[in-house]
Structure formats: C-alpha cells, structure tokens
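Reading through the structure tokens given below for one structure.
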Amino acid sequence: PVKVVHRVSRTRALWLTRVHPDEIARMHASDLVNTRATVTLDLVEARAVWRQCLRVNFAENDSDGRKRAWFEELERRVRTLVSKESEGDLSPKDSCHPAYDKFRRESGPFSDLKSPD
C-alpha cells in the first residue's frame with residue numbers, strides 16, 4: 160500500500176476526514192484554500208471530505224467568507240463528479256485514483272456516504 164500512503168500523505172485535503180469539525184472551523188482560510196485544495200480528489204475522497212465538512216460551522220472565524228467559498232467549491236466538485244458518474248462520463252481517475260487500483264472501493268470506509276442532491 161505504498162501508493163496509498165503517498166496519496167494520503169500528499170493530499171492534505173484527505174487529512175480533514177480525521178480532524179474534528181471545530182478544529183476545521185478554526186483553520187485559517189488560506190490553509191483550506193491553498194493547502195487543502197480539493198480539485199485533485201476522486202469521487203469517494205471528495206464525498207468523504209464533504210461529509211466531514213458538513214459538520215463544520217463555517218460562519219465561525221470567517222469574516223471574509225473564504226472558508227464558506229472553499230466548502231461551496233468542494234460541494235460543486237462532488238455534484239459535478241456525481242453528475243458525470245450518473246451520465247456514465249466519469250473518467251477512471253475521477254472515479255478511483257490510480258493509487259487505489261488494487262483495492263475494492265465498494266468496501267472502503269467511506270463507501271456508504273451519500274452525495275449532495
């Protein structure tokens with residue numbers, strides 16, 4: 160699982176799945192926007208991060224609205240990937256990052272998550 164370790168350690172947005180929502184709310188906006196960018200997440204990863212961030216009160220410590228904008232961009236990404244999946248137009252990389260090729264994603268820890276409607 161060396162590829163998986165590299166994927167998780169280098170994709171800091173995935174770290175948010177293991178951080179308490181209050182701590183995410185206290186993060187600086189630039190930390191979310193720059194360090195924890197979500198554009199490279201596949202569908203399962205994006206759903207997991209989105210699901211964790213649903214519990215975050217982004218109004219807290221967000222005077223300029225950048226944290227909320229980051230979350231809305233994550234939500235748009237999930238919606239776009241779900242739409243592409245339902246149309247049968249989701250690329251293999253967006254469906255399952257190549258780092259996970261040897262693992263069955265259907266039985267992963269985030270497989271039961273629902274996407275935003």
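Counting in this note's numbering, the sequence shown runs without a single skipped number right up to 276 at its last residue.
Backbone N, C-alpha and C fix where the C-beta goes; we use that ideal spot for every residue, glycine too.
These figures come from a predicted structure and were not determined experimentally.
- Cβ neighbours of LYS252 within its own chain (closer than 8 angstroms, five residues either side excluded): ASP201.
- Taking 7 angstroms as the cut-off, the beta carbon of ARG236 is found closer than this to the beta carbon of THR197.
- Its Cα nearest to that of ASP181, the residue PHE217 stands out among VAL163, PHE217, GLU232.
- LYS243 and VAL203 have their alpha carbons spaced roughly 13 angstroms apart.
- Ranked by Cα distance from LEU175, the options HIS165, ARG214, VAL161, VAL163 are led by ARG214.
- Secondary structure remark: continuous alpha helix (DSSP H) runs of at least 4 residues inside the segment 235-263, in chain order: 251-254.
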